[in-house]
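Asks:
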Amino acid sequence: MSANIAVTGAASRSRAARRNRRTRTTLEAYLLIAPSLFGFVAFLVAPVVIVFVLSLFSWNLIGSPQFVGLANYRRMFTDSQSWHALLNTAYYVVLNIPMQTVLALLLALALNRKMRGSKLFRVVFVLPWMAMPVALGVIWNWFFDPRSGIIDHVISLLGFTGPNWLTSTTWAMPVIASVNVWQYTGYTMLFLLAGLQAIPQQVYEAASLDGVNAVQRLFRITLPLLRPALFFVLVTNVIGSFQQFDTVFVMTQGGPGQSTTTMNYYIYQQAFQLFHAGYAATLSILLFAVILVVTFVQFRYFRKRTIYDFS
Amino acid sequence: MFRRARKPLAAAAALASVAGLTTACGGSSGSGGVVNLTYMIWQTSEEAAYQKSVDVFEKAHPDIHVTIDLVPWAQYWAKLQTSAAGRNMPDLFWDHLEYLPELAKDGIITNLAADVKSSKIDLSQYSPKLLAQWENNGVIYGLPKDWDTIETIYNAKDLATAGITPAQLGSLSWNTTDGGTFVQALEKLTVDKNGKHPNQAGFDAGHIKQYGIALEAPNGQQDWWDFGVQNGCALQSKAYGTWTVNSTACVQAMQFEQDLMYKWHVAAPGTITNTPNGAQLPTILAQNTAAMTFDGDWDLDTYESSLPAGSWGVATMPTGPAGSGTVFNGLTDAVYAGTKHPEQAWELEEWLASAASEKIVTDTGTVWAAIPSLDSGFIAAWKAKGIDVSAFYQGSQGTTIGYPLTTAGTAFTNVVLKDMNQVWLDQMSPLAAANDITSVSNAAVASGD
Chain A
3 MSANIAVTGA ASRSRAARRN RRTRTTLEAY LLIAPSLFGF VAFLVAPVVI
53 VFVLSLFSWN LIGSPQFVGL ANYRRMFTDS QSWHALLNTA YYVVLNIPMQ
103 TVLALLLALA LNRKMRGSKL FRVVFVLPWM AMPVALGVIW NWFFDPRSGI
153 IDHVISLLGF TGPNWLTSTT WAMPVIASVN VWQYTGYTML FLLAGLQAIP
203 QQVYEAASLD GVNAVQRLFR ITLPLLRPAL FFVLVTNVIG SFQQFDTVFV
253 MTQGGPGQST TTMNYYIYQQ AFQLFHAGYA ATLSILLFAV ILVVTFVQFR
303 YFRKRTIYDF S
Chain B
-19 MFRRARKPLA AAAALASVAG LTTACGGSSG SGGVVNLTYM IWQTSEEAAY
31 QKSVDVFEKA HPDIHVTIDL VPWAQYWAKL QTSAAGRNMP DLFWDHLEYL
81 PELAKDGIIT NLAADVKSSK IDLSQYSPKL LAQWENNGVI YGLPKDWDTI
131 ETIYNAKDLA TAGITPAQLG SLSWNTTDGG TFVQALEKLT VDKNGKHPNQ
181 AGFDAGHIKQ YGIALEAPNG QQDWWDFGVQ NGCALQSKAY GTWTVNSTAC
231 VQAMQFEQDL MYKWHVAAPG TITNTPNGAQ LPTILAQNTA AMTFDGDWDL
281 DTYESSLPAG SWGVATMPTG PAGSGTVFNG LTDAVYAGTK HPEQAWELEE
331 WLASAASEKI VTDTGTVWAA IPSLDSGFIA AWKAKGIDVS AFYQGSQGTT
381 IGYPLTTAGT AFTNVVLKDM NQVWLDQMSP LAAANDITSV SNAAVASGD
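Going down the list, the sequences are from chains A and B. Okay, so the first sequence: first residue is 3 according to the numbering used here, each after it adds one. Okay, so the second sequence: first residue is -19 according to the numbering used here, each after it adds one.
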C-alpha cells in the first residue's frame, strides 16, 4: 500500500514535472516565433482585417470614416470601370502566363543539357528579374518611343512604319505583357530547371531501352514528372500577374483611355488619386476573391495529377 | 544544460526584436526650446528662393527652425492626404485651388481670419482677384503668395527663320473656320523632313521635323482652357456650381486644338506630348521638336536652364473669336489645422505673405508676387537675364478665368486626364470627351466626393 502510494506520488510528481517542462517548451517556442509572429500580425493579418472593415466605410484619408454598409459593394457591381479593369487584368494574365511559361520551359530544356556556357546563360537569363521593374519600365519606354525609340527605328529600316506602341489601345497591353515576360522568364526558368534536374536519370534510361522517341519522352516523361515545379511556377506567377501594377504605372499609367488599367492600378487610382479609400478597399477584396478562386482551381487541377515522390 | 543556458538568450533576442519594431516611431520635438516647423512645397525651381526667405525668417526668430520639404507635384497630394490620415501633416504647405475646397471641407486648413485681424494684416495690399479665390463667407484659407498666367514661349531662331517677329506673334488671331493668322504663322513654323510646310504641295504629315507649337497640360490650364477663354467658354456655371465643359464654346476650343494637330498638322500630336512618351514643354522647345509652346511663368526657370541665353523669348498668346484671355491662378500657404505650433506657424505664414518676403522671392525672378506693387521686381529680374516677361503681366491685366472652384477637383482632373489624353491621340472626339467629363464631374459634385 505504502509502496503503492509512493509510486503514485512519484508518478504524479513526474507528471507535474513533465507538465512543467511542456509549459516551458511551449513558452520557449512562442518566444522564438514571437518576432516573426509580430510581423505576420502587424503587417499582414491586421492590414487584411482593416481592409475588410474599411470596405464598409467611405473615407477620403483626411476626414473621419463614415459607415456606409454595403454601399461600396453595390457601387462596385454597377461601376463599369471596375469590370473593365478586371477584364484588362484577365487579358494581361492570358497574354503573360502562357508565353512566359512556354518560353521558360524551352529555355530550361535547352540549358539542362551539358554544354559549354550553359551556366553563363542561366545567369544571363535571370538578370532581368534581378533588376528593378521601375527602372526597366523607364528604359523600355525609350525603346518603344515612336519618334526616337530603337524598336520603331529598326522597323523603319525594314521599310515599315511601326505603330505608336504605348499610345495605341491595341498595342499598349501586349507591350506591357511582353516586358513582363522578358523580365520574369529567366526566374521561372530557374524553377523549371531545378525541377528537370530532380527527375531521375534512370527513367530516361529505361525509356530509351524501350525505344521511346524524343517527343514521347517530353510529353510522357519530362512534363508529367515536372508537374511539381510547373504547379509552383504557375500558381505563383498567376497570382503575381493578377497583381500587375509597377510596369503599368511606369509605362502607360493605365492609358490610353482605360486600355491598360489593371485592377491593381485602378485600386491605386481610387485610393491615391481620387482618395476613395473605402471603395479601393472593396475593389481589393474583389481582386483577392478572384485570385483565391483561380488559385483554388489550380490546386484542384494539379493535386490529382502531381507526383512528388520519384523513388 | 545547453538548452537551459540558451533560453534567456532566446527570450532576450525575441524581446529585443519586438522592441526594435516598435521604437521606430516618435515625434521630433525641438531641443533647447526651438520649435521645428515643416513647410511643404512642390516646385523644385522655387526651393532656393523660399530657402532664402526662410533664412531671413529664422534669423529674426531664433526659436523657430523651418524645414522645407520638397515633394514634386506628381506625389504631392497623395503624400499630403496620406500624411493627413497619419495625423502627421506639415505645419505649413502650398495650397492649390484644385484641392482647396476638399481640404477645407474636411477642416484640415486653419481659418486665418482671426489672426489676420489681430495681426492687423492689410489685405488691400494683395491682388483682389487672388484674395477673392481664397476667401469664402468670411473664412480666409490662406494669404496669397503668388500668381501665374499662361503665355507663348518661342524659339527665337525658328521664329527668325520663318520671318516672324515676336511682336507679330502677339497680334495673331484664330477662329474655328479657317484657323486665322495664328494657323498661318504655325504653318510657316512647321517643317517636314524635306523642308516643306503644311500649306505646300508634297508636304509629308507623317514625317514632320519641327512642329509650329507643342501643347501639354495635365488638365487644360496650359492649353484648352486658354483657347476656351479666348472663345468665351466657361468651365463652370459659377464658382462651386455645375460643370459646363460640354457647352459649344468649350467643345469648339477643344476641337480647335485637336485640329491644330490632325487637320492642319501644325501642333505636335499626343504621341509626342502625352504620357508615356511626352517630354516636358521646355525640353520639347530645347530639342526643336516645336518652335513654340504655351506655358506658365512658373516654368521660366526651366526654360532658362534648358535653352541657351538669348535663344528664346516670351510673347502674348493669340486672340480668339471672343478676344484675348488666359487662365489666372495663384497659390497660398495653408496652415494645418492640427499643427502643434499654431502660433509659430502663423508667424511663418505672416512672414511668407509679407511684402518683405514676397520681394525676396519675386526679385529672384522665381514667381510673380501676390502684392502688385512688387511685380516690377519680377520684370527687372528677367530683364537682367535678357528676357522680356511683360506678356505674362499684360495677360493678368486682361480677360482671365480663374481656376475652377469645386468640391470635385480630383474627380474632374482624373477624368480629364483620361479622356483628353485620347482626344490628343485622335482616339476620341472632343464632344464625346466633353460630355463624359461633364457627367462624371457633375456626378462627383452631386455625390459630394
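Glycine residues also receive a C-beta, built at the ideal position from the N, C-alpha and C atoms.
Can you tell me whether DSSP reads H155 of chain A as helix, strand or coil?
Replies: Helix.
Asks: Please report whether the beta-carbon of F277 of chain A lies at a distance below 8 Å from any beta-carbon of chain B.
Replies: F277 of chain A counts as touching chain B.
Asks: Is any beta-carbon of chain A found at less than 8 Å from that of D71 of chain B?
Replies: For D71 of chain B, the answer is no, since every Cβ of chain A falls outside 8 Å of its Cβ.
Asks: Pull up the DSSP beta-bridge partners for I188 of chain B, would you.
Replies: In DSSP, I188 of chain B forms a bridge with B:D172.
Asks: Can you tell me the Cβ-Cβ gap for W331 of chain B and V315 of chain B, rounded? I've got them flagged as a contact below 8 Å.
Replies: About 12 Å separates the two Cβ atoms, so there is no contact after all.
Asks: Measuring alpha carbon to alpha carbon, tell me which of B:K339, B:K363, B:I367 and B:L265 ends up nearest K32 of chain B.
Replies: Nearest C-alpha to K32 of chain B: B:K339.
Asks: Look up Y19 of chain B in the DSSP assignment and say whether it is helix, strand or coil.
Replies: Looking at Y19 of chain B - three-state DSSP - the assignment turns out to be strand.
Asks: So, for T393 of chain B: in the same chain, excluding its five sequence neighbours on each side, which residues have a beta-carbon less than 6 Å away from its beta-carbon?
Replies: Contacts found: N199.
Asks: Let's test the definition: count the other Cβ atoms within 10 Å of the Cβ of P49 of chain A and tell me whether it reaches 16, buried, or not, exposed.
Replies: By the neighbour-count rule (16 or more Cβ atoms within 10 Å), P49 of chain A is not buried but exposed.
Asks: Rounding to the nearest angstrom, what Cα-Cα distance links K210 of chain B and W57 of chain B in this structure?
Replies: Correcting the residue identity first, residue 210 of chain B is Gln in this sequence and not Lys. Cα-Cα distance, rounded: 30 Å.
Asks: Note down, in chain order, every chain A residue with its Cβ under 8 Å from the Cβ of N401 of chain B.
Replies: Near N401 of chain B (Cβ distances below 8 Å), the residues of chain A are G257, P258 and G259.
Asks: Looking at the C-beta of R21 of chain A, does it have a partner C-beta in chain B at a distance below 8 Å?
Replies: False, the Cβ-Cβ gap to chain B never drops below 8 Å.
Asks: Contact criterion: CB-CB distance below 8 Å. Does Q101 of chain A meet it with respect to chain B?
Replies: Checking the sequence, you will find Met at residue 101 of chain A rather than Gln. No - not a single Cβ of chain B is within 8 Å of the one on M101 of chain A.
Asks: Which whole-angstrom value is the C-beta distance of W131 of chain A and V181 of chain A, which I expect to be below 8 Å?
Replies: No, W131 of chain A and V181 of chain A are not in contact; Cβ-Cβ is about 12 Å, not under 8 Å.
Asks: Have a look at G382 of chain B and F37 of chain B and give me their C-alpha separation to the nearest angstrom.
Replies: Computed Cα separation, rounded: 31 Å.
Asks: Does DSSP put T282 of chain B in a helix, in a strand, or in coil?
Replies: Looking at T282 of chain B - three-state DSSP - the assignment turns out to be helix.
Asks: For S57 of chain A, decide whether its Cβ has a neighbour in chain B, counting only Cβ atoms nearer than 8 Å.
Replies: Not closer than 8 Å to any Cβ of chain B, the Cβ of S57 of chain A fails to qualify, so no.
Asks: Report the rounded CA-to-CA distance for N415 of chain B versus A185 of chain B, giving the unit in angstroms.
Replies: Approximately 30 Å, taken between the alpha carbons.
Asks: Where do the ends of the beta strand (DSSP E) carrying A270 of chain B lie?
Replies: Segment A270 to G276, the beta strand (DSSP E) holding A270 of chain B.
Asks: In this structure, how does DSSP classify S409 of chain B when only helix, strand and coil are distinguished?
Replies: The answer is coil: DSSP assigns S409 of chain B none of H, G, I, E or B.
Asks: Any beta carbon from chain A within less than 8 Å of I252 of chain B's own beta carbon?
Replies: Chain A, which has a Cβ nearer than 8 Å to the Cβ of I252 of chain B, makes this yes.
Asks: Between T3 of chain B and chain A, is any beta-carbon pair separated by less than 8 Å?
Replies: Only weak support is given to the placement of T3 of chain B: the predicted model assigns it a pLDDT of 35, under 50, and the question is left unresolved by the model.
Asks: Sorted by chain position, which residues of the same chain lie with C-beta nearer than 6 Å to L287 of chain B's C-beta, five sequence neighbours on each side aside?
Replies: Same-chain partners within the cutoff: A266.
Asks: Whole angstroms is fine: what's the gap from Q148 of chain B's alpha carbon to Q164 of chain B's?
Replies: Cα-Cα distance, rounded: 12 Å.
Asks: In this structure, does DSSP put E115 of chain B in helix, strand or coil?
Replies: Three-state DSSP puts E115 of chain B in a strand.
Asks: Got a sec, what are the start and stop residues for the alpha helix (DSSP H) T187 of chain A sits in?
Replies: Element bounds for T187 of chain A: A174 to A200.
Asks: Provide the residue span of the alpha helix (DSSP H) that contains D343 of chain B, from first to last.
Replies: Start and end: A335 to D343.
Asks: Could one say the Cβ of P148 of chain A lies closer than 8 Å to chain B's Cβ atoms, at least one of them?
Replies: It does; some Cβ of chain B falls within 8 Å.
Asks: According to the neighbour-count rule (16 or more other Cβ atoms, all chains shown, within 10 Å of its Cβ), is V140 of chain A buried or exposed?
Replies: Its Cβ having fewer than 16 others within 10 Å, V140 of chain A is exposed.
Asks: Using a 10 Å radius around the Cβ and a threshold of 16 neighbouring Cβ atoms, would you call D126 of chain B buried or exposed?
Replies: Buried: at least 16 other Cβ atoms inside 10 Å.
Asks: Taking the continuous alpha helix (DSSP H) assigned at D71 of chain B, which residues delimit it?
Replies: Where D71 of chain B is concerned, there is no enclosing alpha helix (DSSP H), given that its DSSP letter is neither H nor E.
Asks: Taking 8 Å as the CB-CB cut-off, is N174 of chain B touching chain A?
Replies: No, because no Cβ of chain A sits closer than 8 Å to the Cβ of N174 of chain B.
Asks: With 8 Å set as the bound, which would you pick, yes or no: does the beta-carbon of F123 of chain A sit closer than that to a beta-carbon of chain B?
Replies: Not closer than 8 Å to any Cβ of chain B, the Cβ of F123 of chain A fails to qualify, so no.
Asks: If you count every other CB in all the chains shown that lies within 10 Å of the CB of D399 of chain B, and 16 or more means buried, which is it?
Replies: So D399 of chain B ends up on the buried side.
Asks: Hey, is the stretch 118 to 131 of chain A in contact with the stretch 179 to 198 of chain A, meaning 3+ C-beta pairs nearer than 8 Å?
Replies: With the cut-off at 8 Å, the stretch 118 to 131 of chain A and the stretch 179 to 198 of chain A touch.
Asks: Which residues in chain B have a C-beta closer than 7 Å to the C-beta of L63 of chain A? List them in chain order.
Replies: In chain order: Q61, T62, A64 and A65.
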